[in-house]
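First the structure, in the form of structure tokens, and then the observations on it.
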Amino acid sequence: MTDLNQLTIAEARDLLRKRAVTAVDLTMACMTAMDAADGLNAFVHKTPEIALEQARAADARLASGAAPAMCGIPLGIKDLFCTRGVPSQAASRILNGFRPEYESTVTRKLFDAGAVMLGKLNMDEFAMGSSNETSCYGNAVNPWRRANDTTPLTPGGSSGGSAAAVAADLCLGATGTDTGGSIRQPAAFTGIVGIKPTYGRVSRWGIVAFASSLDQAGPMTRTVRDAAIMLGAMAGEDAKDSTSAAIAVPDFEAALTGDIRGKKIGIPREYRMDGMPAEIEKLWADGAAMLKDAGAQIVDISLPHTRYALPAYYVIAPAEASSNLARYDGVRYGHRAKLAQGDGITEMYEKTRAEGFGPEVQRRVMIGTYVLSAGFYDAYYNRARKVRALIKRDFELAFAAGIDAILTPATPSSAFGLGEMADADPVQMYLNDVFTVTVNLAGLPGVAVPAGLDAKGLPLGLQLIGRPWEEGDLLNHAHVLERAAGFVSKPGKWW
Amino acid sequence: MSIDIETARRVAKLARIRVEEAALPALARDLSGILGFMEQLNEVDVTGIEPMTSVTPMRLKRRTDVVTDGNIQAQILKNAPDAREGFFAVPKVVE
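Chains D and F, in that order, give the protein sequences.
If you're matching positions, the first sequence starts at 35 in my numbering and goes up one per residue.
If you're matching positions, the second sequence starts at 501 in my numbering and goes up one per residue.
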């Protein structure tokens with residue numbers, strides 16, 4: 035029998051309901067794995083007392099009969115989610131010591147469904163990064179390594195700790211958030227599944243805000259079925275988030291019929307980038323062939339504004355971030371700089387923010403400040419919002435022409451070495467998001483599915499993009515791709 | 501559009517982030533590089549396009565104008581770096 039921590043959510047649910055395993059045993063197995071994996075630096079605040087208390091409550095609930103699917107399932111929670119009484123600092127020094135007096139809607143819903151929190155997971159500071167190297171906790175490390183090579187690799191970012199923890203079987207699933215690719219890129223780098231839902235599907239309340247018009251939370255899991263189960267528990271309208279949609283949450287798992295006959299899959303020609311590695315190109319073609327074998331029709335499509343998505347994103351996201359992060363001023367919570375004799379409130383703000391924010395966050399706040407400043411607002415911010423409208427229209431036209439889902443690579447490469455990008459200019463790092471960022475700009479659901487290994491033995495992922503509010507149909511496509519690709523590789527345990 | 505040291509200093513001031521004099525040239529270079537990347541947006545014909553205000557076509561919801569929470573002073577102040585007598589304390593603002 036597999037170790038309990040290696041179970042999928044679906045397997046664990048069935049065993050828990052049969053009372054063949056207890057939530058306490060499952061939780062203990064995960065905590066043992068978690069404690070043996072400090073080398074991955076995935077869990078940055080462990081919460082064993084909370085986990086055991088929740089596991090015992092889950093067992094009581096399971097014993098009394100009908101319990102929700104997530105009841106007794108041990109999860110890791112990204113540090114971006116506010117969890118009551120537990121450090122929640124978005125991997126930033128500026129939130130050092132912050133313990134929220136409230137619970138984010140997503141974690142509350144998961145806990146109401148009986149889920150168990152093992153602890154908080156590493157991430158890039160304020161979710162700004164693609165390698166988990168901007169974290170105040172230090173780098174999270176990918177459980178995968180290149181064949182015959184011990185170089186530590188990035189798990190991707192910003193949800194790097196979530197990806198590493200799920201890939202290394204420390205928990206059965208994890209929450210992630212995705213503003214430009216922060217669920218899908220790390221999922222692809224670690225050989226797991228991650229879905230960013232339609233904007234408005236999941237409440238943002240209690241999640242530390244980065245760019246409010248782009249941020250969405252989603253599940254990171256080992257299988258598509260698990261993503262469907264966990265998303266169902268996270269989603270739904272919330273009076274506390276006025277952008278959460280009053281749209282009923284369907285049974286996503288029930289949508290996994292495995293039948294995609296007659297569906298039209300779009301292959302956008304603009305995603306064929308210059309200098310794309312041959313392995314990625316081949317993976318993409320193989321993925322299309324798998325969907326075709328399953329009875330789908332493959333259609334070449336055009337999304338003409340694709341190449342402008344990254345520059346538009348790097349105007350809009352920093353602009354929103356500069357506004358959202360204005361709240362970190364050393365007054366109400368978090369870090370306050372020690373002041374010198376005669377320092378006034380302006381010095382307090384400036385010193386607090388200089389000490390509290392890391393270099394990438396400072397850079398983005400300042401870029402955002404610049405593009406919103408008088409004289410540049412129209413040239414940068416308004417122009418970017420117009421280009422965003424065009425990017426969304428590209429997708430609308432494709433869907434209006436009958437396309438059901440769009441297949442693209444998830445990332446332009448496999449996981450790179452930690453530190454390898456240290457000397458590159460910031461824009462080089464931003465290119466990691468080239469295939470994912472369009473989806474956030476258009477508010478669409480997108481899922482990364484592990485589809486193969488590259489020549490170095492590292493996982494590669496494909497991305498499927500769906501129609502708004504059709505996560506069920508999207509996950510069904512992903513389920514077909516997952517089955518056809520038959521990705522079963524696991525990282526060899528070295529940690 | 502290239503950012504000079506004076507502009508970098510002004511942006512840092514607007515963002516309320518202290519940047520030491522010695523760090524300004526590198527900051528100006530970084531910001532210039534990122535803005536250069538954004539210049540590509542000028543290639544796009546945006547004539548007649550409205551700037552996006554909401555990614556999903558929705559009216560922002562309204563709620564009844566009533567008090568839904570309150571009497572939680574201790575919780576509000578719990579995480580304050582400096583709270584005194586039921587208030588957030590800050591350095592003197594007005595001389």
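Glycine is no exception: its CB is placed at the ideal position from the N, C-alpha and C atoms.
Helix, strand or coil: how does DSSP classify residue i here?
| i | result |
| --- | --- |
| D/His511 | helix |
| F/Ile549 | coil |
| D/Asp334 | strand |
| F/Ala583 | strand |
| D/Asp363 | coil |
| D/Ala439 | strand |
| F/Leu514 | helix |
| D/Ile314 | helix |
| D/Met104 | coil |
| D/Lys52 | coil |
| D/Gly451 | strand |
| D/Lys385 | helix |
| D/Lys80 | strand |
| D/Gly491 | coil |
Thinking just about the alpha-carbon of each residue, which of the options is nearest to the one in residue i?
| i | options | result |
| --- | --- | --- |
| D/Gly270 | D/Ala262, D/Val283, D/Asn39 and D/Ala261 | D/Val283 |
| D/Cys64 | D/Arg422, D/Gly106, D/Gly378 and D/Arg387 | D/Gly106 |
| D/Lys385 | D/Val395, D/Glu394 and D/Lys372 | D/Lys372 |
| D/Pro220 | D/Thr211, D/Pro134 and D/Ser193 | D/Ser193 |
| D/Gly300 | D/Asp293, D/Phe286 and D/Ala323 | D/Ala323 |
| D/Arg259 | D/Leu452, D/Gly73 and D/Ala44 | D/Ala44 |
| D/Asp467 | D/Ala161, D/Leu129 and D/Asn130 | D/Ala161 |
| D/Thr445 | D/Leu496, D/Ile401, D/Trp529 and D/Val461 | D/Leu496 |
| D/Lys298 | D/Ser169, D/Ala70, D/Lys230 and D/Ile332 | D/Ile332 |
| D/Ala280 | F/Gly536, F/Pro591, F/Lys561 and F/Asn571 | F/Lys561 |
| D/Gln396 | D/Ala328, D/Glu87 and D/Arg127 | D/Arg127 |
| F/Ile503 | F/Ala515, F/Ala523, F/Leu514 and F/Arg529 | F/Arg529 |
| D/Glu354 | D/Glu454, D/Thr213 and D/Ala202 | D/Thr213 |
| D/His513 | D/Val200, D/Ala261, D/Ala101 and D/Thr277 | D/Ala261 |
| D/Ala289 | D/Trp503, D/Phe521, D/Asn182 and D/Leu38 | D/Trp503 |
| D/Pro102 | D/Gly480, D/His79, D/Arg517 and D/Ala149 | D/Ala149 |
| D/Ser246 | D/Ala330, D/Gly506, D/His511 and D/Ile350 | D/Ile350 |
| D/Arg142 | D/Gly392, D/Thr117 and D/Ala125 | D/Thr117 |
| F/Leu531 | D/Glu394, D/Lys426 and D/Ala92 | D/Glu394 |
| D/Gly240 | D/Gly191, D/Ile111 and D/Ser169 | D/Ile111 |
| D/Asn176 | D/Asp72, D/Ser276, D/Gly321 and D/Lys274 | D/Asp72 |
If you count every other CB in all the chains shown that lies within 10 Å of the CB of residue i, and 16 or more means buried, which is it?
| i | result |
| --- | --- |
| D/Thr61 | buried |
| D/Ser216 | buried |
| D/Ser336 | exposed |
| D/Thr185 | exposed |
| D/Ile440 | buried |
| D/Phe286 | buried |
| F/Ile505 | exposed |
| D/Val471 | buried |
| F/Glu550 | exposed |
| D/Trp528 | exposed |
| D/Arg387 | buried |
| D/Lys540 | For chain D, the structure presents residues 35 to 529; residue 540 of chain D sits outside this window and is missing. |
| D/Glu137 | buried |
| D/Gly409 | exposed |
| D/Pro479 | buried |
| D/Ser98 | exposed |
Which chain F residues are close to residue i, counting only those with a beta carbon under 9 Å from its beta carbon?
| i | result |
| --- | --- |
| D/Arg397 | Leu527, Asp530, Leu531 and Ile534 |
| D/Met382 | Val590 and Pro591 |
| D/His339 | Val544 |
Which bits of chain D does residue i rub up against, with CB to CB less than 9 Å?
| i | result |
| --- | --- |
| F/Leu560 | Ser276 and Thr277 |
| F/Arg563 | Ala273 and Ser276 |
| F/Asp504 | By Cβ distance, chain D contributes nothing, its closest Cβ being about 12 Å from F/Asp504, past 9 Å. |
Find the residues of chain F that neighbour residue i, judging by a C-beta separation of less than 7 Å, and give them in chain order.
| i | result |
| --- | --- |
| D/Ser247 | Val555 |
| D/Met307 | Within chain F, no residue comes near D/Met307; the closest Cβ sits about 15 Å away, beyond 7 Å. |
| D/Tyr233 | Val555 and Thr556 |
| D/Leu373 | Pro591 |
| D/Arg417 | Leu541 and Val546 |
Given that residue i touches chain D, what residues does it touch there, using C-beta distances under 7 Å?
| i | result |
| --- | --- |
| F/Gln575 | Glu135 |
| F/Asn571 | Those do not exist, as F/Asn571 stays about 13 Å from chain D at its closest Cβ, beyond 7 Å. |
How would you list, in chain order, the residues of chain F whose beta-carbon sits under 8 Å from the beta-carbon of residue i?
| i | result |
| --- | --- |
| D/Gly536 | This structure leaves residue 536 of chain D out entirely; chain D is present only between 35 and 529. |
| D/Thr403 | Val511, Leu514 and Ala515 |
| D/Asn176 | In chain order: nothing, as chain F lies at least about 27 Å away. |
| D/Arg370 | Pro581 and Asp582 |
query = Any residues in the stretch 508–522 of chain F with a beta carbon nearer than 9 Å to a beta carbon of chain D? Which ones, in chain order?
reply = Cβ proximity to chain D below 9 Å picks out Ala508, Arg510, Val511, Ala512, Lys513, Leu514, Ala515, Arg516, Ile517, Arg518, Val519 and Glu520 from the stretch 508–522 of chain F.
Chain-ordered residues of the stretch 536–552 of chain F with a beta carbon less than 7 Å from chain D = So the list reads Phe537, Met538, Gln540, Leu541, Val544, Val546, Ile549, Glu550, Pro551 and Met552, given in the order they occur along the chain.
message = To be precise: take each residue of the stretch 319–349 of chain D, compare its Cβ to all Cβ atoms of chain F, and keep it if any distance is under 9 Å. Which residues remain?
response = When CB distances to chain F are screened at a threshold of 9 Å, the residues of the stretch 319–349 of chain D falling below it are His339, Arg341, Tyr342, Leu344, Pro345, Ala346, Tyr348 and Val349, in chain order.
Interfacial residues, the stretch 431–463 of chain D to chain F, with Cβ spacing under 9 Å = Residues passing the 9 Å Cβ filter: Asp459, Pro460 and Val461.
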